[in-house]
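If you're matching positions, the sequence shown starts at 17 in the working numbering and goes up one per residue. We put the beta carbon where it would ideally sit given N, CA and C, even for glycine.
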Amino acid sequence: MSIKTGLGNSTTEQPTPIQSTMIVQPIDIYPSIDSIMDINNTFKITTINVSGLNTILKQEQVLNYMKINKISCLIVTETKLQTASAKMIYKDFKDITTWWSCDDDNHFLTGVRIIMNNDYAKYVIKKDIIEGQALKLTYKDEILEFYTKLEEILTVEKKLQAKIVCVGDFNASYDTAIA
């Protein structure tokens, strides 16, 4: 059997649609015994490129995004802030802690901010800042300086048997990086 459809003077035949039934069985999924975790006590890390954090509206949107998605730690890249304004943003919020890195001479292209719930921020004991961006991969010399600094940090943390999460803005310009 076919269904005839036509538009204007043309007519085409299409096969009759086949009806199928799919059996859906509920499946209970449990965490493995080897990696039991408390689902209510998870640590969600997210990164977002905001392309500027200079307006109150965008600052509020970032916090709303964090709250709606239940994010514990939000890494915000390309904040494009100068130090003076970075110090003021979120300073009156009591349930979060923020850290930032700005390059006042090049603020239109850089800037990283970490926003963390105080439940987790209280465990932070040290911060290392690479000016402007935690990761700036523009020139060969800066790449070497970055990896040297990163290696130093990882060496110290490895001795402490720390669990490490390394994040940043990896917008590398490969033309200059490999020159």
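Within 8 Å of any Cβ in chain D, is that where the Cβ of residue i sits?
i: K175; result: Absent here is chain D; the protein component of the structure consists of one chain.
Relative to the C-alpha of residue i, which candidate in the options has its C-alpha closest?
i: S88; options: C118, V78, V172 and N122; result: V78
i: Y106; options: K60, L69 and I180; result: L69
i: K110; options: E173, N65, I131 and A100; result: I131
i: K179; options: T63, V140 and T126; result: V140
i: T126; options: T99, I169, K74 and Y136; result: T99
i: V128; options: L97, N134, D108 and Q75; result: L97
i: I123; options: L170, N134, S67 and V172; result: The residue you asked about is not Ile; residue 123 is His in the sequence shown. The residue with the shortest Cα to Cα distance from H123 is S67.
i: E94; options: D120, E161 and E173; result: D120
Got a sec? Which residues, its chain only, sit under 6 Å from residue i by beta carbon, not counting five neighbours each side?
i: A102; result: W116 and C118
Consult DSSP for residue i and reduce its assignment to one of helix, strand or coil.
i: L79; result: helix
i: V181; result: coil
i: L176; result: coil
i: N122; result: coil
i: I72; result: helix
i: L4; result: Because the chain in this structure spans residues 17 to 195, residue 4 falls outside the shown range and cannot be described.
i: N134; result: helix
i: T164; result: helix
i: I105; result: coil
i: T95; result: coil
Give the DSSP bridge partners of residue i, in chain order.
i: S117; result: V128
i: L90; result: T62 and I131
i: I112; result: N133
Around the C-beta of residue i, are 16 or more other C-beta atoms found within 10 angstroms, so that it is buried, or is it exposed?
i: L73; result: exposed
i: M82; result: buried
i: N134; result: exposed
Does at least one heavy atom of the ligand PLP sit under 7 Å from the Cβ of residue i?
i: T171; result: Looking at this structure, you won't find the ligand PLP or any other ligand, since it has none at all.
Who are the Cβ neighbours of residue i in its own chain at under 7 Å, not counting the five residues just before and after it?
i: I112; result: Y106, I131, M132, N133 and N134
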